[in-house]
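In my numbering, the protein residues as written are 2 to 357.
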């Protein structure tokens, strides 16, 4: 009898502890957020690419600069803020921390308390490209950050100067072959997705081109218009307003499938560059040691807005696609891309400061 009584006491005691834990978690959930939520944007106002490279511009096409689209990062940050704001009495603050190829923004989040109130809007440049391309990146994505939610994906368009005697990817490759090292391709900066797209094209097509890094996508377009570079891979949101410009000729898209905005353009894969497939993406991240309750609260709200049918046209109008894939698939994609692009990035990386 005493044994049975002891067992019952232990069971009831265990249930009491469990109840306290459950109510404790519920209280934490109700308490979050307990202060304003900051979304750190690690990009400059001028556009989505934060650059640590050289800019070789001698003149500017003012028409293009004055009609530049709003930064992609700002659009996505506002969408995320819209998801969070209705369910809290606290403000959602967008903080810009540009510099050092998005590293300043990443470090700002890592130095903030791990309580879920400071988030990082990051792209594949921050989480995949930078750690392999630059020698001094002071964070390890898989160790230091956790995915809160994927936000959007973004195709790229292969643009050439209209003076080039090439009206197809095959024609461009034929023109490039006998000109090793004589042709420049531009990008929005060293280590940008457009830079990686150009490096992948160079390898896949077996051509030799020189990379020229500009201070942002608009500057790169200016360089293409001024014939300082002969081609570039432009993010779709950047390229769309200028496809009718007399200086540019679009030849292909970078993704595995054609895109609905430009259905007449072939993919590079179907144009003979087997396996060519690259696109940009954006996601929301937090410190890896952020409490799961906070992550779950944020994730459920951001995912709901990204999946909402009313969000799709907003993102599409900026050349973006809602990233509605399962969370596990997005996390796997980050690791897969990191392994896939590492050899190309390390082979084309900048020399370390003070070294060769």
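Using N, Cα and C, we set each Cβ at its ideal position, and we do this for glycine too.
Residue 265 counts as exposed, since fewer than 16 other C-beta atoms from the protein chains shown sit within 10 angstroms of its C-beta. Residue 177: member of the alpha helix (DSSP H) spanning 170 to 177, first to last residue. Residue pairing of residue 212 in beta bridges, as defined by DSSP: 186.
The three-state reading of DSSP puts residue 268 in strand, counting E and B together. The Cβ neighbour count for residue 183, taken over all protein chains shown within 10 Å, is under 16; the residue is labelled exposed. Taken through DSSP and simplified to helix, strand or coil, residue 262 comes out as coil. In the DSSP assignment, residue 202 forms no beta bridge with any residue. Between residue 174 and residue 150, the C-beta spacing is not below 7 Å. Using a Cβ distance threshold of 7 Å, residue 195 and residue 135 do not count as a contacting pair.
For residue 160 and residue 76, the gap between their C-alpha atoms comes out near 24 Å. The beta carbon of residue 307 is closer than 8 Å to those of 80, 84, 150, 151, 152, 153, 323, 324 and 325 in its chain, skipping five residues each way along the sequence. According to the DSSP secondary-structure assignment, residue 234 is paired through a beta bridge with 159. Residue 297: member of the alpha helix (DSSP H) spanning 293 to 308, first to last residue. Within the model, the alpha-carbon separation for residue 294 versus residue 35 is close to 13 Å. Residue 39 carries a strand assignment under DSSP once its states are collapsed to helix, strand and coil.
Per DSSP, residue 247 lies in no alpha helix (DSSP H) segment and is marked neither H nor E.
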